[in-house]
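Read top to bottom, the protein sequences are chains A and B. No gaps in the numbering here: position 179 of the first sequence is 178 in numbering that gives the first Met the number 0, and each next residue is one more. No gaps in the numbering here: position 122 of the second sequence is 121 in numbering that gives the first Met the number 0, and each next residue is one more. Beta carbons: idealized from backbone N, C-alpha and C, even for Gly. Here the structure is a predicted model, which is why all the values come from computation and not from measurement.
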Amino acid sequence: MDFFFGLLQIIGVHTLLGLSAYVVLQTGQVTLAQAGFFSIGAYVSAMLTVLAGWHIIPALLVSASLAGIVAGIVGFPALRIKGLMLVVATIAFGEFIRLFWFNFDYQIAKEGITVGPQGGEGFKQIRFFPENGWSTLDVAIFIWVIVALVMLALWWTDRSRAGAVLRAVGEDELAAQSVGINLTAVKVGAFAAGGFIAGIGGAIYAHYTTHIEHLNFGVMLATFAIAYPILGGLRNVFGTLVAVIFIQGILVEGLRFMGDWRNLLFGALIVLAMNIQPRGLIDERSVKLVRGLFTRDTRN
Amino acid sequence: MLEVNGIAAAYGSIEALRGVDLSVEEGGITCLLGPNGAGKTTLMMTIAGIVKPRRGSINFLDRDITGMGPSGIVRRGIALVPENRLVFPDMNVHENLIAGAYLRLGKRKAQVRQDIDHVFTRFPRLQERSKQLAGTLSGGEQQMLAVARALMARPKLLMMDEPSLGLAPLVVEEIFRIISDLNADGTTIFLVEQNAHMALQVADHFFLLEQGQVTFSGKPGQLSEHEVIQRAYLGKGQERERPTQDRGHPGGKTH
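Quick look at the structure:
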């Protein structure tokens, strides 16, 4: 069973990562910095639980807030650039954060052993869960409660007036300005919210893997972050979840029996999925289909 | 109500406006005519705060709004219906209107709902299509939506950039009827048009903009329509031997 709980944990964390990019993508900004914000959540929360001895929940909130603040700061220069330039700029920023961790050494002795982030060696022994006797199931439940809360918050935002404003900026900035929408507030806000969510994901990730290093947070992870919501169709949060299950659950885990051929098939299946569902895994058609299953046909 | 004094604006080294002076009287319909490339859209965008002027000043209701951002200007009571309508295509009609009420985000939900009902009474066709994606509406419906969306900001001055662009003659007449209705209900209108024939029928006052400068200011009738059209379409200071009666104003009536 532990294998499945482990898989649930991975899917949960990647869902948070995907949702962090979802918020930013809705305002029409393509970001490849999400892995960087994710790493801030990971390193800072781990330092708080391991070095300062905090409980996971306050550590998670503080580290995610810090990731959100950094993301908001990144959002300001991003206001002046769009499209491909923004992609390049956010890659550069993501790498900047990753390389910061590569150079970051801060260790203290605790109960006879030295702990803390150690540059290129990474940060080992992030043992909050095992030390406090959390089972894999407990951790999986903890993660999914958080995922559910984040999804609920975003789902509610999507349906609210704020959601319409976010999407308006994504669809046409000039038109958005003509009705008085403050582009700065919306774009920086979206970056900050995305950074906060990525930070939560990173904090959880650090604690269930117990060992993080800068290489975990490279461009590949950033690419996954935007691939989930895009593959999911950007219509709602469930698309992102479905895409994570599709990639992490079915492609990565389900194809493991194929050995080295898996990676080859992996890419091919994503391309195939995009061709079959060009408007995303969750498009208008599938939304209608699901709605039809749950609403009784009243025409008879 | 609106005074534009010596406004100059440029894109890089290309000067689009070279010292424009004009004013819009409260309660009326003011029209700006001019050929392509005269700077009409740039002037609208400058007043809306989207383009920053290099020189000059803009006053609205006796307050200086020069250099203010678009948000602040909409808050002061100027809303722009942009050229080519620019509805949010992948959002439905209702969501487009909600986005138009951005300045009241997070408060006065009931008031926003009331305003939506109000624009729906004015544009019943939009109500029928409330859940339809804006990108799937016809051109005329998109223009109505763009106007309705701007009205959600409760403007005192409504600026419209070429509302008749690319619309069928009958639809153009409908749009101009809407403009007159809005004006009758108390909204001041500042209109940019290429369709000089229609514009002169509704305008109280009009300006001609040629090569980034105002070259005429007066009431319809002060210049012959023949000359207005010549200058508005071709940007020529003096008349030429050329039949103009049937040029490019769809739905043109005899007059």
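So with CB distances below 9 Å, who are the chain A contacts of residue i?
{"i": "B:Val73", "result": "Gln176, Ser177, Val178, Gly179, Ile180"}
{"i": "B:Leu42", "result": "Neighbours of B:Leu42 on chain A: none; closest Cβ ~14 Å, over 9 Å."}
{"i": "B:Arg148", "result": "Ala174, Ser177, Val178"}
{"i": "B:Leu79", "result": "Gln176, Ser177, Val178"}
Name the two residues that bound the continuous alpha helix (DSSP H) containing residue i.
{"i": "A:Asp157", "result": "135-158"}
{"i": "A:Ser38", "result": "33-45"}
{"i": "B:Gln141", "result": "138-150"}
{"i": "A:Thr113", "result": "Taken as a continuous stretch (DSSP letters only), A:Thr113 belongs to no alpha helix (DSSP H), being part of the beta strand (DSSP E) at 112-114."}
{"i": "A:Leu15", "result": "1-25"}
{"i": "A:Ser64", "result": "55-77"}
{"i": "B:Ser163", "result": "Premise fails: B:Ser163 is in no alpha helix (DSSP H) and is neither H nor E."}
{"i": "B:His196", "result": "195-201"}
{"i": "A:Ala226", "result": "218-231"}
{"i": "A:Leu288", "result": "283-293"}
{"i": "A:Val29", "result": "No alpha helix (DSSP H) contains A:Val29, which DSSP labels as neither H nor E."}
{"i": "A:Phe99", "result": "82-102"}
{"i": "B:Glu127", "result": "123-127"}
{"i": "B:Ala133", "result": "Premise fails: B:Ala133 is in no alpha helix (DSSP H) and is neither H nor E."}
Alpha carbon to alpha carbon, how far is residue j from residue i? Give it in angstroms, no decimals.
{"i": "B:Arg239", "j": "B:Gln229", "result": "In this prediction, B:Arg239 has a pLDDT of 43, which is less than 50 and means its spatial position is unreliable; nothing more can be read from the coordinates."}
{"i": "A:Arg284", "j": "B:Glu94", "result": "20 Å"}
{"i": "B:Asp114", "j": "B:Lys108", "result": "10 Å"}
{"i": "B:Phe122", "j": "B:Gln131", "result": "15 Å"}
{"i": "A:Ala272", "j": "A:Ile180", "result": "36 Å"}
{"i": "A:Ile249", "j": "B:Asn91", "result": "34 Å"}
{"i": "A:Ala32", "j": "A:Val286", "result": "30 Å"}
{"i": "A:Ser134", "j": "A:Gly169", "result": "42 Å"}
{"i": "B:His254", "j": "B:Leu60", "result": "At B:His254, the pLDDT of 46 sits below 50, so the modelled position is not reliable; the number obtained from the coordinates is stated separately. Whole-angstrom Cα-Cα distance: 37 Å."}
{"i": "B:Pro219", "j": "B:Gln200", "result": "8 Å"}
{"i": "B:Ala8", "j": "B:Glu14", "result": "6 Å"}
{"i": "B:Asp116", "j": "A:Arg234", "result": "26 Å"}
{"i": "A:Arg79", "j": "B:Phe87", "result": "22 Å"}
{"i": "A:Pro116", "j": "A:Phe36", "result": "17 Å"}
{"i": "B:Thr135", "j": "A:Leu151", "result": "30 Å"}
{"i": "B:Phe175", "j": "B:Gln142", "result": "11 Å"}
{"i": "B:Ala183", "j": "A:Ala163", "result": "31 Å"}
{"i": "B:Arg241", "j": "B:Leu207", "result": "Residue confidence is low: B:Arg241 scores 45 on pLDDT, short of 50, so the model does not pin down where it sits. No coordinate-derived value is stated."}
{"i": "B:Gly11", "j": "B:Gly5", "result": "19 Å"}
{"i": "A:Val43", "j": "A:Ala66", "result": "9 Å"}
{"i": "A:Leu7", "j": "A:Ala139", "result": "6 Å"}
{"i": "A:Leu220", "j": "B:Asp63", "result": "50 Å"}
{"i": "A:Gly326", "j": "A:Val49", "result": "What the structure shows of chain A is the stretch from 0 to 299, and residue 326 of chain A is not part of that stretch, so it cannot be assessed."}
{"i": "A:Gln25", "j": "B:Gln221", "result": "51 Å"}
{"i": "A:Ala88", "j": "A:Lys81", "result": "10 Å"}
{"i": "B:Glu2", "j": "B:Ser56", "result": "8 Å"}
{"i": "A:Ile244", "j": "A:Val23", "result": "21 Å"}
{"i": "B:Gly165", "j": "A:Ile56", "result": "58 Å"}
{"i": "B:Gly38", "j": "B:Thr214", "result": "13 Å"}
Which chain B residues are close to residue i, counting only those with a beta carbon under 9 Å from its beta carbon?
{"i": "A:Ala192", "result": "Chain B residues near A:Ala192: none, gap ~15 Å exceeds 9 Å."}
{"i": "A:Ala167", "result": "Phe87, Met90, Glu94, Asn95, Ile97, Ala98, Gly99, Tyr101"}
I want to verify the contact list: residues of chain C whose CB lies under 7 Å from the CB of residue i, in sequence order.
{"i": "A:Asp171", "result": "Note that chain C does not occur in the displayed structure, where the protein chains are A and B."}
Over what stretch of residues does the beta strand (DSSP E) that includes residue i continue unbroken?
{"i": "B:Tyr261", "result": "Outside the displayed span of chain B (0 to 254) sits residue 261 of chain B, for which this structure offers no information."}
{"i": "B:Met159", "result": "156-160"}
{"i": "A:Ala205", "result": "From DSSP, A:Ala205 is part of no beta strand (DSSP E) but of the alpha helix (DSSP H) over 182-208."}
{"i": "B:Gln212", "result": "212-217"}
{"i": "A:Glu212", "result": "Taken as a continuous stretch (DSSP letters only), A:Glu212 belongs to no beta strand (DSSP E), as it is neither H nor E."}
{"i": "A:Ala51", "result": "Where A:Ala51 is concerned, there is no enclosing beta strand (DSSP E), given that its DSSP letter is neither H nor E."}
{"i": "B:Glu209", "result": "204-209"}
{"i": "B:Leu79", "result": "77-80"}
Report the neighbours of residue i on chain A: residues whose CB is nearer than 8 Å to its CB, in chain order.
{"i": "B:Ile49", "result": "Leu173, Gln176, Ser177"}
{"i": "B:Ser129", "result": "Per Cβ cutoff of 8 Å: no residues; B:Ser129 is ~13 Å from chain A at best."}
Report the neighbours of residue i on chain A: residues whose CB is nearer than 7 Å to its CB, in chain order.
{"i": "B:Ala256", "result": "The requested residue 256 of chain B does not occur in the structure, where chain B is confined to residues 0 to 254."}
{"i": "B:Pro162", "result": "Chain A residues near B:Pro162: none, gap ~13 Å exceeds 7 Å."}
Does the ligand HEM have a heavy atom nearer than 8 Å to the CB of residue i?
{"i": "B:Leu166", "result": "The ligand HEM is not part of this structure, which contains no ligands at all."}
**Request:** Check distances from the C-beta atoms of the region 88-104 of chain B to those of chain A and list, in chain order, the residues that come in under 9 Å.
**Result:** Pro88, Asp89, Met90, His93, Glu94, Asn95, Leu96, Ile97, Ala98, Gly99, Ala100, Tyr101, Leu102, Arg103, Leu104
**Prompt:** Can you list, in chain order, the residues of the region 92-124 of chain A whose Cβ is nearer than 9 Å to any Cβ on chain B?
**Reply:** none
**Request:** Could you please tell me which residues of the region 134-165 of chain A, in chain order, have their CB closer than 7 Å to any CB of chain B?
**Result:** Arg160, Ala161, Ala163, Val164
**Request:** Tell me the start and end of each unbroken alpha helix (DSSP H) in the region 93-117 of chain B that is at least 4 residues and wholly inside, in chain order.
**Result:** Qualifying alpha helix (DSSP H) stretches: none in this window.
**Asked** Taking only runs of the alpha helix (DSSP H) that begin and end inside the region 166-191 of chain B, which ones reach a length of at least 4 residues, in chain order?
**Response** 168-183
**Message:** Quick check on the DSSP output: what are the complete beta strand (DSSP E) runs of length 3 or more inside the region 19-57 of chain B, in order along the chain?
**Reply:** Entirely contained in the region 19-57 of chain B, the beta strand (DSSP E) runs reaching 3 residues are, in chain order, 28-32.
**Item:** Positions along the region 113-145 of chain B whose CB lies within less than 7 Å of some CB in chain A
**Value:** Here the close residues number zero.
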